[in-house]
Amino acid sequence: MTPVRCCVGLLLLPGVLAAQAATTIARTGVTFESYSFGSGLAFNRLSELTIPVSVTQRIAGGRLVLDLGTAFVRASVSEAGGGGGQAITHSGLVDTDLRATYSILPGKLVFNLVGTIPTGATAVPDTTIPLFGATGTHLLGFTTPSFGSGGAISGGFASAVTMGENWAVGMGASYRYAASYVPVQGGDEMSPGGEVRARLGIEGPFGGGKYFRGALVYTTTAANDLGASRQSTIGDRVLGYAAVSMPFGNSHLSMYGWDMRRLRARNAASAGTLPVPRGNVLAVGARLDRPMGPKATLSPLLEFRHELTGPGQSMELLGYLLRAGTDLRYRLSDRATGVIQAQLAFGTLHDEGTSVSIVGPRLGVMIEWARP
Numbered sequence: 049m050t051p052v053r054c055c056v057g058l059l060l061l062p063g064v065l066a067a068q069a070a071t072t073i074a075r076t077g078v079t080f081e082s083y084s085f086g087s088g089l090a091f092n093r094l095s096e097l098t099i100p101v102s103v104t105q106r107i108a109g110g111r112l113v114l115d116l117g118t119a120f121v122r123a124s125v126s127e128a129g130g131g132g133g134q135a136i137t138h139s140g141l142v143d144t145d146l147r148a149t150y151s152i153l154p155g156k157l158v159f160n161l162v163g164t165i166p167t168g169a170t171a172v173p174d175t176t177i178p179l180f181g182a183t184g185t186h187l188l189g190f191t192t193p194s195f196g197s198g199g200a201i202s203g204g205f206a207s208a209v210t211m212g213e214n215w216a217v218g219m220g221a222s223y224r225y226a227a228s229y230v231p232v233q234g235g236d237e238m239s240p241g242g243e244v245r246a247r248l249g250i251e252g253p254f255g256g257g258k259y260f261r262g263a264l265v266y267t268t269t270a271a272n273d274l275g276a277s278r279q280s281t282i283g284d285r286v287l288g289y290a291a292v293s294m295p296f297g298n299s300h301l302s303m304y305g306w307d308m309r310r311l312r313a314r315n316a317a318s319a320g321t322l323p324v325p326r327g328n329v330l331a332v333g334a335r336l337d338r339p340m341g342p343k344a345t346l347s348p349l350l351e352f353r354h355e356l357t358g359p360g361q362s363m364e365l366l367g368y369l370l371r372a373g374t375d376l377r378y379r380l381s382d383r384a385t386g387v388i389q390a391q392l393a394f395g396t397l398h399d400e401g402t403s404v405s406i407v408g409p410r411l412g413v414m415i416e417w418a419r420p
């Protein structure tokens, strides 16, 4: 799970409720993120450029919402001086997601069907494995953590019921089936295990104009068949999320936190099994939305992220990261809005007893166009 974005998956009724105001919404932009590492690692810089494109279309009076999204990505990791300073790079499209969300009972029950089209990277050279592993680290939180698969299809539902006058309780569940593919050139075919995800959420207002959102997500994944009597396994994941928003003078303050716990993998000690070690990722942050006029909103933000991992009884610190920055949102016209993003992150990464500094920017420009 990607906490970029993990909160998107915690919405009680995703898709339909977010698109009520417009019939067609198109989004694109560019995001560049780069991290420099102190001495002690096999690489000294990790960078990624993402150009996302997505279109949302409401039809059937808004009861059916179709979403199409993909992105072009260029990522690179530069080896430290001892390795000749060479760079490992990858560029190309990622997988394309086509989502259909149908409102069975408007505002109360929706059905989701998502098809993942394998337009991304498969059968990559084994030399790129370090790059793919580094960008998938939860601590760094890259915009695009993975670059391709063999395709997949998933289906599920989300529902919400009122509790009292103003509060609502939501629940949902989904199942994902992924197709087999060859991840590494010259390697064996991998058959990913099926994945089940269940969600429970609550939201509503409370004293003084404040608003609370909370959710709990449980995910379990079957073993991946690697061929030749081998398999890889990952433990169940439990994610808790909470957010509070409130007026703050003429601004709006939002505070949030989430914690994702990865449990011990099943059959970790079995012969031929490659288990993903236990892990825990914690993030807390705040965002202030301050109007700067009738068209502009400035949104400074601050986030702290902390990750533990390890196969033993007690997990070890992988690292921590503090991110600060701001977004500037500007209404270009009645139909178009632009966002400029500038952030700087710094912290430490721990590897086999070595503590290494991390620092790097995230810069982005996005535009959204909507048609009533």
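Residue numbers for the sequence shown follow the numbering used here, so the first one is 49 and each next one is one higher.
Glycine included, each C-beta is placed from N, C-alpha and C at the ideal position.
As the structure is a prediction and not an experimental result, all values here were calculated from the model.
State the DSSP-derived secondary structure class of Ile282, mapped to helix, strand or coil.
-> For the purposes of this step, residue 282 is taken as residue 234 along the sequence shown, with counting starting at 1. Of the three classes helix, strand and coil, the one that applies to Ile282 here is coil, per DSSP.
Assigned exposure category for Gln279 - 16 Cβ within 10 Å defines buried | One-based indexing of the sequence shown puts residue 279 at position 231. Per the 10 Å Cβ criterion, buried.
Considering only residues of the same chain and omitting the five flanking positions on each side of Gly77, which have a CB-CB separation below 8 Å?
-> The residue you call residue 77 lines up with position 29 of the sequence shown. Excluding sequence neighbours, Gly77 sits near Ile99, Pro100, Val387, Gly412, Val413, Met414 and Ile415.
What does a CB cutoff of less than 7 Å around Gly196 pick up in its chain, not counting 5 residues either side in sequence?
-> Reading the sequence shown from its first residue, position 148 is the one you call residue 196. Answer for Gly196: Val142, Asp143, Pro166, Gly168, Ala169 and Thr170, listed in chain order.
Is it a yes or a no for the region 315-324 touching the region 266-281, going by three-plus beta-carbon pairs under 8 Å?
-> yes
One or two residues paired with Phe254 in a DSSP bridge = Along the sequence shown, one-based indexing puts residue 254 at 206. Looking at the DSSP assignment, Phe254 forms a beta bridge with Lys258.
Local Cβ density within 10 Å of Ile136, reported as buried at 16 or more and exposed below that | Taking the sequence shown and counting its residues from 1, the one referred to as residue 136 is at position 88. Buried: at least 16 other Cβ atoms inside 10 Å.
Could you spell out the range, first to last residue, of the beta strand (DSSP E) harbouring Gly242?
-> Start at 1 with the first residue of the sequence shown, and residue 242 comes out as number 194. No residue range can be given for Gly242, since it is assigned to no beta strand (DSSP E) and is classified by DSSP as neither H nor E.
Might you give, ordered along the chain, the residues of its own chain that have their beta carbon closer than 8 Å to the beta carbon of Gly252, omitting 5 neighbours on each side?
-> Against the sequence shown, residue 252 aligns to sequence position 204. Excluding sequence neighbours, Gly252 sits near Met211, Gly212, Asn214, Trp215, Ala216, Tyr259 and Phe260.
Please go through the same chain and pick out, in chain order, the residues whose beta-carbon is closer than 7 Å to the beta-carbon of Leu58, but skip the five residues on each side of it.
-> As a first step, residue 58 must be located in the sequence shown, where it is residue number 10. The pLDDT assigned to Leu58 is 37, lower than 50, so where the model puts this residue is not dependable; a value taken from the coordinates is nonetheless given after this. Once the five neighbours on either side are set aside, the close Cβ partners of Leu58 are Arg247, Gly249, Ala263, Val265 and Tyr289.
Identify, in the order they occur along the chain, each residue of the same chain with its Cβ nearer than 6 Å to the Cβ of Ala317, setting aside the five sequence neighbours on each side.
-> Walking along the sequence shown from the start, residue 317 turns up at place 269. For Ala317, where only same-chain residues beyond five positions count, there are no Cβ hits under 6 Å.
Give the secondary structure of Gly360 by DSSP, where H, G and I count as helix, E and B as strand, and everything else as coil.
-> On the sequence shown, residue 360 is found 312 positions in, with the first residue counted as 1. Coil, per DSSP.
Which first and last residues belong to the alpha helix (DSSP H) in which Pro178 is found?
-> By 1-based counting over the sequence shown, the position of residue 178 is 130. Per DSSP, Pro178 belongs to the alpha helix (DSSP H) from Ile177 to Thr183.
Through-space distance from Glu237 to Ser347, alpha-carbon basis = Numbered from its first residue, the sequence shown carries residue 347 at position 299. Numbered from its first residue, the sequence shown carries residue 237 at position 189. Whole-angstrom Cα-Cα distance: 46 Å.
Taking the CB atoms as reference points, tell me whether Ser362 and Ala334 lie closer together than 8 Å.
-> Sequence index remark: in the sequence shown, residue 362 carries index 314 (1-based). Sequence index remark: in the sequence shown, residue 334 carries index 286 (1-based). No, they are not a contact pair.
Selection from Ala372, Met294 and Ala221 that minimises the alpha carbon distance to Glu243 | Reading the sequence shown from its first residue, position 195 is the one you call residue 243. Checking every option, the nearest Cα to that of Glu243 belongs to Ala221.
Return the bridge partner residues of Leu153 from the DSSP annotation.
-> As a working mapping, residue 153 is identified with position 105 in the sequence shown. Bridge partners of Leu153: Leu157.
Using a Cβ-Cβ cut-off of 6 Å (strictly less than) and excluding sequence neighbours within five positions of Ala418, which residues of its own chain qualify?
-> The sequence position of residue 418 within the sequence shown is 370, counting from 1. Hits under 6 Å: Ala70, Ile73 and Arg383.
Straight-line gap, Val404 to Arg147 (C-alpha atoms, nearest Å) = Position 356 of the sequence shown, counted from the start, is the residue given in the question as residue 404. Position 99 of the sequence shown, counted from the start, is the residue given in the question as residue 147. Approximately 41 Å, taken between the alpha carbons.
Pair every Cβ in the region 308-316 with every Cβ in the region 335-354, then say whether three or more of these pairs are closer than 8 Å.
-> By the Cβ criterion, the region 308-316 is not in contact with the region 335-354, since fewer than three pairs of Cβ atoms, one from each stretch, lie closer than 8 Å.
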